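Take a look at the structure set out below.
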């Protein structure tokens, strides 16, 4: 009874293997989580130790004009000194510090000759006690908006006067005075970074264990940018990058010292946010990483109790991450929580626009326009805002980015007379862009709600309402020191577009023609994401102009291209080229640009031969055009034409190279990529994405075996955008080919951090980590690979290999992973169980503003010997059995073959103890295991296979015992030495024959001799059906083994069962086994 239970348990374990393995595999994938998860957080008081700035005034005291400053001046300077100070502040003269007589530069610390005598005459004791309060009053005056009650000069002079007072109290003013001095220096755009750091160190020394000095410094550093007013800059200068890097370093140090202070945590989030928004176009993936880090810091602030300020920062970051719907929710909550919702309304306006909710955006802008300056906090407490040029731009930091939006006003002072600084707008020469930058039509206009809602109304199809009550000028809603007007460009074009859209006469206030206005209109709709609306506008323009202008057809082609209608786009670009020739026979540049666009569309439409025929001449045409205009560069027009021709040659070369690379013409691709690369230096200020060339050239070089050149170009691509996951994956692949596993793993980690859904790079990282024996991290990487893409066969295969090496407890997971891999890619069944790098190329498009689409990949592996076959002997035996049962001729052939085996084995004998069944059982296990070793599986898998063979052999033996007991015959099972030797020999060469114990019965019983083969065959059929369903490899191997056992026992050689079953038994057994083979082959 116990034996029957153990046998049944063993059979059930074998049958249960496949479903258990698939269930284990179901729990393996680790899907990529939300790249920017949000936490709810809470609102608590007392979460920061940040001081209110300026320090020194009584609580609730307001300074609005010179009259309010006077009592503090009297207290510190005496009546005569106060009168003299107010006289200076009321003057129209500049307040300039002393300068070096040789260089003319202002030395630091500043000394103001006009103020020095006044301060020197102040009563020493009074000055020491009251100087900080006087300086604080002057700072608050310096931070006031310009009004008619006071002149701008008075406000501007208050900052230098406050500095002069504080500079004289450096040794006696203590922490309060030093904080106020730092605020002034931080709010001055012309303070050098070294000066700011010196004052920071002095403040930190005077104010130990206080986060305020670091917070002031970091907030100023992140705002020290040059005055480039491009809304979405493709180039960010080193000055801005240095400021952001310094801000990050400052707040990171501060966060290590004050980890639970919410002003510090949100400040670090602000620094990441500032970096991400500023770099969003020039370094999109690095920017995305910064924005995610910003969200993480804001989440921590929310957990610490500052949810309101965290919501503002998170909403801004989510807009940059192209997740405006969640940004809208957070911004709406921030508006509802705020006593001064101006900043929150601006964020909500930007979010609604990004979500293309232009009706809702109008409502927000209306509310902001009505509230005006009342929506913003009074100028009582301040943060440093050394520059304000970026107000209203997508990376605007003139308002607090998170903490302080409800309470702090900007402090922008000039401690020295202003000098000149310049900036330029980079032209958008993008290749078939989504839209072209056009101020103010494509600006967010968050600081100009009166213009924003009118522009949004035009987009929403309500142009007539936008025109109603059109003002003479558009005032900003913010209390602003520098200007009360908003918009960096004339607004007449917006009004003319509204008149055009409302079918009203164009007033003529805009300098643009009707065609130009129509072009601006469709471009504005493209910015808003309304491609169907843009198509309608351009179609009417095309009907109106006909062959008179190529521009309508060119724009129709661009819109069709953006809608993935590539054949239509190619046709429209062809029409545009024809019209350009008709309009001006020698306008080769416009024709070439239209043909370039047509070539791109043809490539996308899989019409490569037509595209190559069109693009190849453009490489040379662009070069000739550039040479001609460069030699005659006597005007701005010639300079621009030269650049445009160069761009034609550049983009033609890139498209040709991409096509050649994809079709396997690597030498041609290398030539054309290098031709494009030679244009990069000439176009460095105009070409947006040279890193694409470097990346794709690296792949071409790698395919050609030039690893060093591949590495050099991959490095250039990574330097351009250090967090671009595609560039990092390419660099990792190159490093792996070069044998640098550590560097490859580092690139892969960074790539996966940037793109958690990068399944191929997760696979490669797993391989590299396993080579470094970091198996836990490797397993996690493989699980992330199949979590990101459940249909990624190579990831499942590698996961199966690694799990198989992890011990017996991982057997089910390993087999389940292999089952998934083989189901997805049957060619992997015959591959060696070795960890494999994904050798496929994942190409990037030229437009890096769009996410990289996932690609299916195939394994790059070498085939090994088949792991499980029915066995040559088993097939031959089955053929013999069928022949013997069906024809006399077949029986004669079988008899001659079997007689030869018997004759050669008849004299083989052995000792009596060798006839015990345990030896045959062991020989069977060894025979199958020897064959399975050729599979080169893991030790755990081999041991599990051996145990399974033993259990199946035991089940076969028990079947005989059970039948003998039921038939009441005397039966014995013994080992057969010739069979054991033959089985071990066939196992060693990989074609197994099962040397199972043989049965002897008294009297003879066909039923007894059929018991074992039928048991084995039924088990084989069950396992084959299960394998066809679940595809678990070990179960398939068990099915094959059971089939081989049945075939081995049916060999018609005495004392095997096949010699004692008779013709009917052979027919039945052969039918069962034949059915199993049909299942194996997938025929049934």
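In the UniProt record's numbering, the protein residues as written are 1 to 1084. Even for Gly, the Cβ is constructed at its ideal location relative to N, Cα and C. Quantities reported herein were computed from a predicted structural model and do not represent experimental measurements.
Which stretch, first to last residue, makes up the alpha helix (DSSP H) that contains residue i?
i	result
residue 359	358-371
residue 697	690-703
residue 917	917-933
residue 49	Careful: residue 49 lies outside any alpha helix (DSSP H) and carries neither H nor E.
residue 1135	It is not possible to answer for residue 1135, since the shown part of the chain is limited to 1 through 1084.
CA-CA distance, residue i and residue j?
i	j	result
residue 311	residue 463	33 Å
residue 501	residue 530	15 Å
residue 1005	residue 975	19 Å
residue 595	residue 577	6 Å
residue 524	residue 159	42 Å
residue 324	residue 359	15 Å
residue 684	residue 517	31 Å
residue 190	residue 416	8 Å
residue 206	residue 403	24 Å
residue 148	residue 373	Caution is warranted here: a pLDDT of 43 is assigned to residue 148, below 50, making its placement in the model unreliable, and no coordinate value can be reported.
residue 336	residue 347	13 Å
residue 141	residue 155	6 Å
residue 397	residue 718	28 Å
residue 492	residue 637	26 Å
residue 172	residue 250	27 Å
residue 948	residue 1038	7 Å
residue 675	residue 339	59 Å
residue 877	residue 992	Because the pLDDT of residue 877 is 37, which lies under 50, any placement of that residue in the model is unreliable, and the number read from its coordinates should be weighed accordingly. The alpha-carbon atoms of residue 877 and residue 992 are separated by roughly 12 Å.
residue 235	residue 721	12 Å
Flag this pair as yes or no: are the beta carbons of residue i and residue j separated by less than 7 Å?
i	j	result
residue 618	residue 611	no
residue 575	residue 553	yes
residue 478	residue 466	no
residue 247	residue 281	no
residue 598	residue 570	yes
residue 630	residue 642	yes
residue 973	residue 999	yes
residue 605	residue 566	yes
residue 768	residue 735	no
residue 528	residue 458	no
residue 223	residue 386	yes
residue 946	residue 927	no
residue 331	residue 377	no
Grab me the residues of residue i's own chain with a C-beta within less than 6 Å of its C-beta, minus the 5 sequence neighbours each way, in chain order.
i	result
residue 15	none
residue 761	729, 748, 751 and 752
residue 452	365 and 445
residue 272	290, 293 and 294
residue 796	786, 817, 820 and 821
Which stretch, first to last residue, makes up the beta strand (DSSP E) that contains residue i?
i	result
residue 1022	Premise fails: residue 1022 lies in the alpha helix (DSSP H), 1006-1030, not in any beta strand (DSSP E).
residue 1000	998-1002
residue 974	970-974
residue 381	381-384
Take residue i and list the residues in its own chain whose beta-carbon comes closer than 7 Å to its own, dropping the five residues that flank it on each side.
i	result
residue 50	211, 212, 215 and 263
residue 793	821, 824, 825, 828 and 859
residue 20	812
residue 738	707 and 711
residue 956	996, 1012, 1015, 1016 and 1045
residue 307	41, 42 and 43
residue 616	656
Counting only C-beta atoms, is residue i closer than 7 Å to chain B at any point?
i	result
residue 292	The structure shown contains no chain B; it holds only a single protein chain.
With a CB to CB cut of under 8 Å and the five nearest residues on each side skipped, what residues in its chain are close to residue i?
i	result
residue 509	492, 495 and 496
Three or more C-beta pairs below 8 Å linking the segment 971-987 and the segment 24-32: Touching, no.
Check whether the segment 53-60 and the segment 120-139 are in contact - that is, three or more C-beta pairs closer than 8 Å. Yes, they touch.
Per the contact definition of three or more C-beta pairs closer than 8 Å, is the segment 280-294 in contact with the segment 250-261? The segment 250-261 is not in contact with the segment 280-294.
Just checking, does the segment 693-700 make contact with the segment 653-672 on the three C-beta pairs under 8 Å criterion? By the criterion of at least three beta-carbon pairs nearer than 8 Å, the segment 693-700 is in contact with the segment 653-672.
Would the segment 33-44 and the segment 302-322 be scored as touching if the rule is three or more Cβ pairs under 8 Å? A contact exists between the segment 33-44 and the segment 302-322.
Inter-stretch contact (C-beta, 8 Å, three-pair minimum) for the segment 314-329 and the segment 60-68: With the cut-off at 8 Å, the segment 314-329 and the segment 60-68 do not touch.
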